[in-house]
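In this note's numbering, the protein residues as written are 10 to 279.
Note that beta-carbon positions come from the ideal geometry of N, C-alpha and C, so glycine has one too.
Read through the structure below, which is laid out as structure tokens, and then see the notes.
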Amino acid sequence: MTWTAHIDGGSRGNPGPAGAGVSIDDAKGKEVFGAGFFLGRKTNNQAEYAGLLQALKVLRAIGADDILVLTDSELLAHQINGIYRVKSAELYPLYAEARKLLRGFERWEVRHVPREQNRFADKLANQAMDAGRTVLARDRLNLAEQADLNLPAGGAEGLFEKGPPIGRQAGSRAAHATANPGKPVTGGIEVVVARAPRKGVCRAGMKQGERFMFTEVTPSGMCVEACAAVMEAVLAVRDAAAAGVTCDEAMSCRCPHPDCGAVFDIRQVQ
């Protein structure tokens, strides 16, 4: 029996005051839960992912095994389904946590739908932004009474147990937003040259398939341009791992040198 979640997220300013809406229908199509989550200052895409994470936590608390998540964010749906790769250091920890939560369900599907089919979740997100706090609209399963969700009756900011940060504040550097600053990650972060630089461009002479290991120090043999390009992604993967969130999917980024064309894959090594 499939449980269905409608999710949405928005930001007024992008980044700016943000909210996420979650509506849950039981296997008979009856709405049993609805809430708008106030997120503080986030981007639109961070808010969309926040809606997904909150929905998965509610569905897990309910005990659902077979779930369908409907979103009007094509980016989120395509990233979760592996059609798009996650290239944003801000979104990767959220993506990794979502993939981790999804593995706890026997069957799951994340599907993109038109905005017109997602109006109630959109309304809930906007109610949270208007109120400047989380709004509990419907709770027919008495989730507010479940201590593990920390869901106060009547709705309040901080609905769920605290986990990894929803995302970085606008304008902050990745190095200043670690979940556990300075905590070493076993095995380090591996950067692989997925596409070699154009011939004669890279002074470091990097080749396709070449691997570089980032631990507490940067590796030798990587050109300055490439090192600068991958650093934010390396820190994002490290931060996610330090917070206990791991993912098999690699991040990818491109060398910023206009004539290079090199592409790098970044992943945690156990």
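- The beta carbons of Phe-46 and Asp-148 sit no closer together than 8 Å.
- Counting C-beta pairs closer than 8 Å gives three or more between the stretch 126–144 and the stretch 12–22, which meets the contact rule.
- A Cβ-Cβ distance of about 23 Å is found for the pair Leu-150 and Arg-120, leaving them out of contact under the 8 Å criterion.
- DSSP places Cys-236 within a helical segment (H, G or I) once states are collapsed to three.
- The residue among Glu-241, Asp-35 and Gly-49 with its C-alpha nearest the C-alpha of Met-10 is Asp-35.
- Between the stretch 19–30 and the stretch 91–109, the count of C-beta pairs closer than 8 Å stays below three; the two stretches do not touch.
- A direct Cα-to-Cα measurement between Ile-76 and Val-226 gives close to 42 Å.
- A direct Cα-to-Cα measurement between Val-67 and Met-231 gives close to 44 Å.
- Under the DSSP assignment, Gln-136 falls in the alpha helix (DSSP H) whose first and last residues are 128–140.
- Asp-268 counts as exposed, since fewer than 16 other beta carbons sit within 10 angstroms of its beta carbon.
- Lys-109 carries a helical assignment under DSSP once its states are collapsed to helix, strand and coil.
- Excluding the 5 residues flanking it on each side, Ala-249 has same chain C-beta neighbours closer than 6 Å at Pro-102 and Ala-105, in chain order.
- Residue burial annotation: Ala-44 is buried, with at least 16 other C-beta atoms found within 10 angstroms of its C-beta.
- The shortest C-alpha to C-alpha distance from Ala-137 to any of His-266, Gly-49 and Ala-86 is the one to Gly-49.
- DSSP, reduced to helix, strand and coil, places Leu-100 outside both helices and strands of the structure shown, so it counts as coil.
- Look at Val-119 here: in three-state DSSP terms it is strand.
- Its chain contains Tyr-58, Leu-61, Leu-62, Leu-65 and Ile-89 as the residues whose beta carbon lies nearer than 7 Å to that of Ala-107, once the 5 sequence neighbours on both sides are disregarded; these appear in chain order.
- Counting only the Cα atoms, Val-201 lies some 17 Å from Arg-212.
- When secondary structure is reduced to three states using DSSP, Gly-72 falls in the coil class, being assigned neither helix nor strand.
- Shown here, Asp-248 sits in a helix according to DSSP, grouped into three states.
- Excluding the 5 residues flanking it on each side, Arg-116 has same chain C-beta neighbours closer than 6 Å at Asp-75, in chain order.
- DSSP, read as helix, strand or coil, puts Arg-124 in helix.
- DSSP lists Asp-34 as the beta-bridge partner residues of Glu-40.
- Here Ile-275 really is in contact with Val-243; their C-beta atoms are around 6 Å apart, less than 8 Å.
- In this structure, Ser-261 sits away from Lys-39, with a CB-CB distance that is not shorter than 8 Å.
- Around the CB of Ser-229, fewer than 16 other CB atoms lie within 10 Å, so the residue is classed as exposed.
- Distances from the CA of Glu-83 to each of Arg-69, Ala-73 and Asn-54 were compared; the closest alpha carbon is that of Asn-54.
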